[in-house]
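A short worksheet on the structure shown next.
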Amino acid sequence: MIWQRTRAQHSDAKSFGKVHDVILLYSKSNDFIFENQYVEHKPEYLKRFSKLDKDGRKYMLIPAHAAGAGPARNFFGKEVKPPAGRHWAYTQEKIDQLIKEDKIELTSNGTPSLRSYLDENKGAVVQSIWTDIIPLNPVARERVDYATQKPEALLERIITTSSKEDSIIFDCFAGSGTTAAVAERLGRKWIASDIGKPAIMVSRKRLIDQESKPFLYQSLGDYQREQLSQTMGSKYRIGDLAGVVMGLFGALPFPQEDNPNRNLGYMPRTKHLVYADSPNKLCGLSTLKRAQQLRDSHLGGWDKVTVLAWNFVTDIGQIIENLGDDKLEVLVIPPDLLDKLSSKATYKKLKDEGKIRFSSLQYITVKEPKVTASGNEDEIEVSLDNYMLLSPDALPLDDKNKEKLQEVIAKNPLDLIEYWSIDPDYDGEVFRSVWQDYRGNTENDEDPLRIVHTAKIRVPKKDGKRTIAVKAVDVFGWESEVIKEI
6 MIWQRTRAQH
16 SDAKSFGKVH
26 DVILLYSKSN
36 DFIFENQYVE
46 HKPEYLKRFS
56 KLDKDGRKYM
66 LIPAHAAGAG
76 PARNFFGKEV
86 KPPAGRHWAY
96 TQEKIDQLIK
106 EDKIELTSNG
116 TPSLRSYLDE
126 NKGAVVQSIW
136 TDIIPLNPVA
146 RERVDYATQK
156 PEALLERIIT
166 TSSKEDSIIF
176 DCFAGSGTTA
186 AVAERLGRKW
196 IASDIGKPAI
206 MVSRKRLIDQ
216 ESKPFLYQSL
226 GDYQREQLSQ
236 TMGSKYRIGD
246 LAGVVMGLFG
256 ALPFPQEDNP
266 NRNLGYMPRT
276 KHLVYADSPN
286 KLCGLSTLKR
296 AQQLRDSHLG
306 GWDKVTVLAW
316 NFVTDIGQII
326 ENLGDDKLEV
336 LVIPPDLLDK
346 LSSKATYKKL
356 KDEGKIRFSS
366 LQYITVKEPK
376 VTASGNEDEI
386 EVSLDNYMLL
396 SPDALPLDDK
406 NKEKLQEVIA
416 KNPLDLIEYW
426 SIDPDYDGEV
436 FRSVWQDYRG
446 NTENDEDPLR
456 IVHTAKIRVP
466 KKDGKRTIAV
476 KAVDVFGWES
486 EVIKEI
């Protein structure tokens, strides 16, 4: 299909203006859904509905015959032959039914014609060139300021043409979330994915804004592993990377006989153990307990252990707080480390310069929730307390912006929160948000630039303990979680 955007995006004296996009339709088989779509007829066509029946309905007469010779049919008790070389388009049974419905009319010369009613006309069938869907204008209500955003009308046509209610729509380049938003509105199930965190954040906000049904948000993929294959080759082993990471941290590896996984090292001339986690894993409670065990038992024990990790469970901050172990340190391996490790020479240079910074974790803290009983309901008050961000040195910012970030961290760290939400009855597996706030939302207050720090929600009364989960996403896309039991 050709979608005409109606206006050229670039002027070029040596070529025609590019005013269209091409939409390709693929199917695994000939058995696929296709529902015709309709657009309003042009005014000059509508003028042809100039006749009125006894009920005041507009109609026009159209031929009741088609090309190809055929026999006579009975109309109003009289046999009528079709024009030369034509045949009546309906069986006698159908003709009798149309006459009964008052949809056959004789013209002035006695030729039977079919009444086509305006109120029964769905419109003109959409063909392969689409000229009626205009691009988003700068002030459109649906605009979310995403570079590749397409108009909802375009996705609505595609989805309604090729699916039915409860069909599953999949968009693997979610972008601004238009496909998911339209599919949700049209009663379809949907899956949307994107490699970029900004796209997912924009899409999530958009779906919340239109009060979508609950949906599952998941972070999938092994990006470090994929990038590692590109950097170090397909024959690398995880132990190779662990050795590189420990070397950049300044640790020395243990001999092979004391270090079968090649992920343990120590700081020279100290009793400081270093544990390098795999990029294939999420660092959580089991990882930290393993590190504690190694600290206390490996080769006679150590005074301290530092865990260096790539990926973390969302409630890692609370896990560390609950462990309360001042001899356990958890640091983030810089996200852009693999970008810098392009060769052995680069590794040596990075190691010699000592500029690779391993940072503390980001995590959200909340004040102790307050619960007030009111009849059959509980009113729960949840307040954000503080936000600890990983060091700006691990973020891809220039010096000027790092300085600004440090200022925000020092004065108003909660200003870094882009979005936060609450599940007042967390089951430990699926987070079900019943309240949320985010930048740009003015339902909870009138400030579109900041999130509110306190939420009050009313939920059905519950006897016994209640588990409350709070999730937050900062402006860089980092997600953290805290769980409170009351």
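Residues 6 to 491 (this note's numbering) are what the sequence shown spells out, left to right.
Cβ atoms here follow ideal geometry from the backbone N, Cα and C, with glycine treated the same way.
Remember, it's a predicted structure, so these values are computed and weren't measured experimentally.
Bounding residues of the beta strand (DSSP E) (the contiguous stretch that carries residue i)
| i | result |
| --- | --- |
| residue 390 | 382-393 |
| residue 485 | 484-490 |
| residue 121 | 117-122 |
| residue 214 | Per DSSP, residue 214 belongs to no beta strand (DSSP E); it is in the alpha helix (DSSP H), 202-214. |
| residue 110 | 109-111 |
| residue 459 | 459-465 |
| residue 26 | 25-27 |
| residue 91 | 91-93 |
| residue 85 | 83-85 |
| residue 376 | 375-379 |
| residue 311 | 309-314 |
Whole-angstrom distance between residue j and residue i, CA atom to CA atom
| i | j | result |
| --- | --- | --- |
| residue 339 | residue 250 | 10 Å |
| residue 452 | residue 458 | 12 Å |
| residue 255 | residue 388 | 40 Å |
| residue 84 | residue 90 | 17 Å |
| residue 355 | residue 361 | 7 Å |
| residue 168 | residue 182 | 18 Å |
| residue 75 | residue 92 | 4 Å |
| residue 488 | residue 187 | 33 Å |
| residue 383 | residue 373 | 15 Å |
| residue 11 | residue 180 | 23 Å |
| residue 419 | residue 45 | 51 Å |
| residue 133 | residue 24 | 15 Å |
| residue 424 | residue 9 | 37 Å |
| residue 462 | residue 380 | 14 Å |
| residue 476 | residue 224 | 14 Å |
| residue 56 | residue 112 | 13 Å |
| residue 293 | residue 31 | 49 Å |
| residue 500 | residue 324 | In the structure displayed, the chain extends from 6 to 491; residue 500 sits before or after that span and is not available. |
| residue 371 | residue 264 | 40 Å |
| residue 49 | residue 98 | 34 Å |
| residue 442 | residue 448 | 8 Å |
| residue 220 | residue 295 | 34 Å |
| residue 54 | residue 204 | 48 Å |
| residue 405 | residue 302 | 46 Å |
| residue 41 | residue 437 | 38 Å |
| residue 110 | residue 66 | 8 Å |
| residue 330 | residue 297 | 9 Å |
Candidates the options, of which the one nearest residue i by Cα
| i | options | result |
| --- | --- | --- |
| residue 201 | 270, 486 and 482 | 482 |
| residue 391 | 368, 376 and 385 | 368 |
| residue 277 | 283, 284 and 309 | 309 |
| residue 282 | 266, 275 and 274 | 266 |
| residue 116 | 80, 103, 141 and 407 | 80 |
| residue 6 | 47, 248, 166 and 464 | 166 |
| residue 270 | 253, 286 and 284 | 253 |
| residue 192 | 164, 204 and 203 | 164 |
| residue 262 | 291, 246 and 304 | 304 |
| residue 312 | 326, 363, 343 and 353 | 363 |
| residue 39 | 285, 218 and 162 | 162 |
Local Cβ density within 10 Å of residue i, reported as buried at 16 or more and exposed below that
| i | result |
| --- | --- |
| residue 288 | buried |
| residue 259 | buried |
| residue 87 | buried |
| residue 211 | buried |
| residue 491 | exposed |
| residue 21 | exposed |
| residue 300 | buried |
| residue 366 | buried |
| residue 455 | exposed |
| residue 422 | buried |
| residue 435 | exposed |
| residue 208 | buried |
| residue 155 | buried |
| residue 317 | buried |
| residue 306 | exposed |
| residue 34 | exposed |
| residue 28 | exposed |
| residue 125 | exposed |
Residue interval of the alpha helix (DSSP H) (run including residue i)
| i | result |
| --- | --- |
| residue 302 | 290-302 |
| residue 478 | From DSSP, residue 478 is part of no alpha helix (DSSP H) but of the beta strand (DSSP E) over 472-479. |
| residue 50 | 48-51 |
| residue 322 | 321-328 |
Residue i Cβ short of 8 Å to the ligand ADP heavy atom set
| i | result |
| --- | --- |
| residue 27 | The model on display carries no ligand, and the ligand ADP is accordingly not part of it. |
Between the segment 466-481 and the segment 428-439, can you find at least three pairs of beta-carbon atoms closer than 8 Å? Because the criterion of three Cβ pairs below 8 Å is met, the segment 428-439 and the segment 466-481 touch.
Should the segment 168-177 be regarded as contacting the segment 143-151, the criterion being three or more beta carbon pairs within less than 8 Å? These segments do not touch.
So, does the segment 126-142 touch the segment 102-109, judging by three or more C-beta pairs under 8 Å? No, they do not touch.
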